[in-house]
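Read through the structure below, which is laid out as structure tokens, and then see the notes.
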Ligand SMILES: NC(=O)c1ccc[n+]([C@@H]2O[C@H](COP(=O)([O-])OP(=O)(O)OC[C@H]3O[C@@H](n4cnc5c(N)ncnc54)[C@H](O)[C@@H]3O)[C@@H](O)[C@H]2O)c1
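Chains as they are written, first to last, in this note's numbering: chain A, 17 to 431; chain B, 22 to 467.
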């Protein structure tokens, strides 16, 4: 495993609201912001935190399916749209389904390491409320293999895929045990989101969240093994931050204590034409985590905060297991005991995660990096986790498809 | 002939109307579902949608296409299974579009009654006029087979009258959908004395297929739903007239509407409900029922005056509420009609309506809007607490509400005593399921 040939930092993060059903101001029939507004808001949000926009050398943007959700291609063209000073900068769009954001982070780091740029504006965006959820499911199914999987797949293709995983876990570990863990995952996600004004579930008023999460699945209208609370919602939004070299950080006038350093990462790709062999494990995710541990020389015991890709509650549990924080089959119990709470043993998804904060698919990996940046630099507001000196690291996992395209990344405060 | 065989060729008369269009949608969905079954691959299905209003039939076509699309979007899990063997249909989008096409291909729209020739089930939802209905039924019976059965949607005409005058030999039943038929869960089933027994079973099967809850009602004009609604509304009108000297008639209508909504925790106030149904429709029910029920005054001149002034309520083509007793802004009552001036007096919280609100007094503790309570799992407990507080209050509003509730209960009990309904439960079920009340009129709250 190669080490980073020079330090890489991240700073100046910005998330828009995760917009969609659940937000009080959301109305399906009223006009909403589009790609332009979201990209512009997040980009300007970053620029406002640095000394001079001219110091940005390059841009990279992660996005999954704007071509179908918004009938828009050529997304790099929206980076100069943010600010005329960015005209003619090199810009790239990356795509790896819901892991596109993770790929944007990965690409930014490589660009810094190549010495071709010192400051990279790194973004991720998705605007999905343009179509009804039932047609959005068609679009998102593109994260699997259209030719071999779509026809026989579920109407709600991805919920169907993770429903299959949940079903196998029920068989293996027991329905009650798993369902309870999933219900607590949901309850935790919303509880955290209620502290985060930008979260989609910020306005959630359900009194008994665990009871809602315990709702038995109804295969007639939805999936065999998941209820709607198990799923992240349809979201619009954009996240952005800066990746920079040592010189880059100085150039944009950011103090090290306001930045995080990348200490390790791993990116792994599995064959999209194949389905997972073991539904109870995330093997590609595990591979990426191992790479990140290897590069950083760290292990789960040194982590103080996690950001995992809980597009479904069951996915959240399997991700926690893939980090090695708990053993195989143990996450449901760990979560039900409250150990992933903000003040728990391993604070996880402190701003709500995909279930609570929202999931603008192509932007989520970047959103996770922004939230870790805020956690590790003490700027997470009401969602702040106490970062202890013996466990000063935070890890994110960004996943595309059914454990196909996975980036894991570990950060710590730069100074 | 089995039910499923009958379901292969069905007609709806008055298909472009409010009720007819909803009934057409329900039938189109069920027939499309049958058509898609592998065993019915080569069976032709026909749903004839007949109306005298040609323009309205165009509207019906777009309405059905839009609604079938929505239905497809809601049942995609099932549809994917039905279309499993159609390899070229891959995405939800393809499958929903195929379903809409398949369902639409069952339909035949037209103005010609001859289209009913091969139908063995005919639904009638034309104007509420006995002579027109009898005339139509006679014609239909000449055009179709001798074993064809009729489902009439009449709101108030006794079924035996239609049966006898059109000489149908017991092949007609009252299958009284609620408005809008595609949404409302309830249907009242009205079997006349000399009905063909098979028809009752057929109706129960039909209700199952269309996912309706059936409440049987006796064949007495108005049946249960309108039996209650008609008397409930007349009570409000008469109370309003009593209050008018002090508050003016528009003020009194405002009071009764507000009390019946807010303090009875109903989905809408009584005058809003009359507007929703249509002042003219309500008056027509009142006239028809009066013709069959003796010894009870079920008419009021206020209704005739409103109709004369053409202040009718009902809905616009887009489903929004037309002005009637009340004027609506964004679907909410915003003014009340003044018969004298022939114009609306807008609510004025700083002025007249605010004054009235003050006189009505503070609402009892625990007053919750209907919408909030609807889905509340602790609904019944909260209602008990609320009604206890209402009982204890002697504000003007509470007094009016209590008297209103007592009268509503009396109507319910009257319907049971006179044999219109078999039981208090049936009356309550109609009000709960057909009118979306949170509690039945026959209760111990007051
Ligand atoms: N509106 C309600 O809330 C409601 C509820 C339950 C039952 N009903 C009953 O349903 C029936 C229809 O009511 P509606 O509200 O739908 O009325 P509507 O006026 O909306 O519809 C009646 C339709 O019948 C058509 N029509 C009239 N005479 C015809 C004829 N001779 N041949 C063919 N078509 C003819 C009209 O063009 C119109 O499209 C009535 O018997 C009514 O009492 C109404």
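C-beta atoms are modelled at their ideal positions from N, C-alpha and C, and glycine is treated no differently. Note that the structure is a prediction, hence the values are computed from the model and not measured.
Please classify residue i as buried or exposed, where buried requires at least 16 other C-beta atoms within 10 Å of its C-beta.
| i | result |
| --- | --- |
| residue 104 of chain A | exposed |
| residue 123 of chain B | buried |
| residue 148 of chain A | exposed |
| residue 192 of chain B | buried |
| residue 75 of chain B | exposed |
| residue 132 of chain A | exposed |
| residue 279 of chain B | buried |
| residue 364 of chain B | exposed |
| residue 202 of chain A | buried |
| residue 444 of chain B | exposed |
| residue 210 of chain A | buried |
| residue 37 of chain A | exposed |
| residue 337 of chain B | exposed |
| residue 19 of chain A | exposed |
| residue 296 of chain B | buried |
| residue 93 of chain B | buried |
| residue 377 of chain A | buried |
| residue 188 of chain B | exposed |
Quick one: grab the DSSP three-state call for residue i.
| i | result |
| --- | --- |
| residue 46 of chain A | coil |
| residue 222 of chain A | coil |
| residue 405 of chain A | coil |
| residue 396 of chain B | coil |
| residue 27 of chain A | strand |
| residue 411 of chain A | strand |
| residue 401 of chain B | helix |
| residue 316 of chain A | helix |
| residue 354 of chain B | strand |
Do residue i and ligand 2 come close, with the Cβ less than 8 Å from some heavy atom?
| i | result |
| --- | --- |
| residue 197 of chain B | Ligands present in the displayed structure are limited to ligand 1, and ligand 2 is not among them. |
For residue i versus residue j, is the C-beta spacing smaller than 9 Å?
| i | j | result |
| --- | --- | --- |
| residue 324 of chain B | residue 298 of chain B | no |
| residue 410 of chain B | residue 387 of chain B | yes |
| residue 323 of chain A | residue 403 of chain A | no |
| residue 194 of chain B | residue 165 of chain B | no |
| residue 76 of chain A | residue 114 of chain A | no |
| residue 249 of chain A | residue 281 of chain A | no |
| residue 116 of chain B | residue 439 of chain B | no |
| residue 135 of chain A | residue 72 of chain A | yes |
| residue 137 of chain B | residue 34 of chain B | yes |
| residue 429 of chain B | residue 285 of chain B | yes |
| residue 249 of chain B | residue 433 of chain B | yes |
| residue 202 of chain B | residue 28 of chain B | no |
| residue 49 of chain B | residue 89 of chain B | yes |
| residue 170 of chain A | residue 164 of chain A | no |
Over what stretch of residues does the alpha helix (DSSP H) that includes residue i continue unbroken?
| i | result |
| --- | --- |
| residue 256 of chain B | 246-268 |
| residue 450 of chain B | 445-455 |
| residue 219 of chain B | 218-230 |
| residue 193 of chain A | 191-209 |
| residue 309 of chain A | 299-312 |
| residue 293 of chain B | 291-298 |
| residue 55 of chain B | 39-56 |
| residue 391 of chain A | 380-392 |
| residue 169 of chain A | Note, residue 169 of chain A: premise wrong, no alpha helix (DSSP H); not H, not E. |
| residue 377 of chain B | 373-381 |
| residue 429 of chain B | 417-438 |
In terms of residue numbering, what span does the beta strand (DSSP E) encompassing residue i cover?
| i | result |
| --- | --- |
| residue 107 of chain A | 107-110 |
| residue 348 of chain B | 347-350 |
| residue 30 of chain B | 30-34 |
| residue 425 of chain A | 421-429 |
Residues of chain D with a CB under 9 Å from the CB of residue i: which are they?
| i | result |
| --- | --- |
| residue 166 of chain A | Going by chain labels, chain D is absent from the structure shown, which instead holds the protein chains A and B. |
Inset, instruction - State whether the region 256-266 of chain B contacts the region 452-466 of chain B, with contact taken as three or more CB pairs (one from each stretch) at a distance under 8 Å. - result: Contact fails: fewer than three Cβ-Cβ distances are below 8 Å.
Legend entry - Cβ contact check for the region 17-26 of chain A and the region 248-265 of chain A: 3 or more pairs under 8 Å: With a cut-off of 8 Å, the region 248-265 of chain A and the region 17-26 of chain A count as touching, because enough Cβ pairs lie within range.
Inset, instruction - Count the C-beta pairs between the region 346-360 of chain B and the region 267-276 of chain B that are closer than 8 Å, then say yes if the count reaches three, no if not. - result: In this structure the region 346-360 of chain B lies against the region 267-276 of chain B, because at least three pairs of beta carbons, one per stretch, are closer than 8 Å.
Inset, instruction - Evaluate the contact criterion for the region 24-35 of chain B versus the region 88-100 of chain B: three or more CB pairs, one atom per stretch, below 8 Å. - result: When C-beta atoms of the region 24-35 of chain B are compared with those of the region 88-100 of chain B, fewer than three pairs fall below 8 Å, so the two segments do not count as touching.
Inset, instruction - Spell out a yes or no on whether the region 186-195 of chain A and the region 313-329 of chain A are touching, meaning 3 or more CB-CB pairs, one atom from each, closer than 8 Å. - result: Contact fails: fewer than three Cβ-Cβ distances are below 8 Å.
Inset, instruction - Taking 8 Å as the threshold, find out whether the region 29-44 of chain B comes into contact with the region 75-84 of chain B through three or more Cβ pairs. - result: Counting Cβ pairs under 8 Å, three or more are found: they touch.
Legend entry - Contact the region 380-392 of chain A vs the region 344-360 of chain A: 3+ CB pairs below 8 Å: Contact fails: fewer than three Cβ-Cβ distances are below 8 Å.
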